[in-house]
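For reference, each letter of the sequence shown is one residue, going 253 to 391 in the working numbering.
Glycine is no exception: its CB is placed at the ideal position from the N, C-alpha and C atoms.
In this text, all values refer to a predicted model and were calculated from it rather than measured experimentally.
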Amino acid sequence: METLPPKDPRRTALLKKVHVLKRQQGMDDAAWRTMLAENFQVSSSGDLPVEKLVALANHLGGVLPAQQPARRASGAQSRATQRQINYIRKLWSEFARSKDVGSLEVWLNRFHKVARLEWLPRETASKVIAILERETGHA
Numbered sequence: 253m254e255t256l257p258p259k260d261p262r263r264t265a266l267l268k269k270v271h272v273l274k275r276q277q278g279m280d281d282a283a284w285r286t287m288l289a290e291n292f293q294v295s296s297s298g299d300l301p302v303e304k305l306v307a308l309a310n311h312l313g314g315v316l317p318a319q320q321p322a323r324r325a326s327g328a329q330s331r332a333t334q335r336q337i338n339y340i341r342k343l344w345s346e347f348a349r350s351k352d353v354g355s356l357e358v359w360l361n362r363f364h365k366v367a368r369l370e371w372l373p374r375e376t377a378s379k380v381i382a383i384l385e386r387e388t389g390h391a
């Protein structure tokens with residue numbers, strides 16, 4: 253029985269990168285496999301060694317949008333409290349036609365550039381509460 257080589261974190265990262273680039277280019281599975289066969293003589297990107305994965309990433313454009321570093325515990329302290337989140341949900345259920353959290357998150361993203369209620373900064377949460385209280389007559 254053949255033993256598999258140990259997992260190489262660089263190889264794993266490159267596999268993820270080429271699949272993200274594939275998705276960004278809008279390649280379907282047939283086009284992907286054709287491109288792999290024509291350019292790299294393999295049927296799956298998993299069959300490529302690290303050097304060929306680098307070449308594949310370069311072939312696909314190789315540049316991913318820069319990612320912002322993850323915030324640590326200090327950033328979490330500036331998030332909305334659970335009490336604020338619960339109150340926003342209560343006010344939203346009174347204010348909106350669509351009572352689901354998805355519609356609230358669409359509204360938050362549109363007007364406050366925050367994709368998730370849980371990610372709402374504490375200061376913005378206070379502003380959201382003030383707006384929703386004014387609109388629902390709780391002020």
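| Check | Outcome |
| --- | --- |
| Using C-beta distances below 7 Å, list every residue in its chain close to L312, excluding the 5 sequence neighbours before and after it, in chain order. | V270, L273, K274 and Q277 |
| Return the chain-ordered ranges of every alpha helix (DSSP H) run that is complete within the region 267 to 305 and spans a minimum of 4 residues. | 281 to 292 |
| Looking at I340 and L305, is the spacing between their C-beta atoms short of 8 Å? | no |
| By Cβ distance, which residues of its chain are closer than 8 Å to F347, with the 5 residues on each side in sequence left out? | L384, E387 and T388 |
| With distances taken Cα to Cα, identify the nearest neighbour of T333 among K259, D260 and E375. | E375 |
| Sorted by chain position, which residues of the same chain lie with C-beta nearer than 7 Å to L266's C-beta, five sequence neighbours on each side aside? | V302, L305, V306 and A309 |
| Looking at I381: is its Cβ nearer than 8 Å to the Cβ of L356? | no |
| Quick one: using the 10 Å Cβ neighbour count with 16 as the cut-off for buried, is A282 buried or exposed? | exposed |
| Do the CB positions of R335 and W371 come within less than 8 Å of each other? | no |
| Along the alpha helix (DSSP H) that carries V353, what are the first and last residues, could you check? | V353 to H364 |
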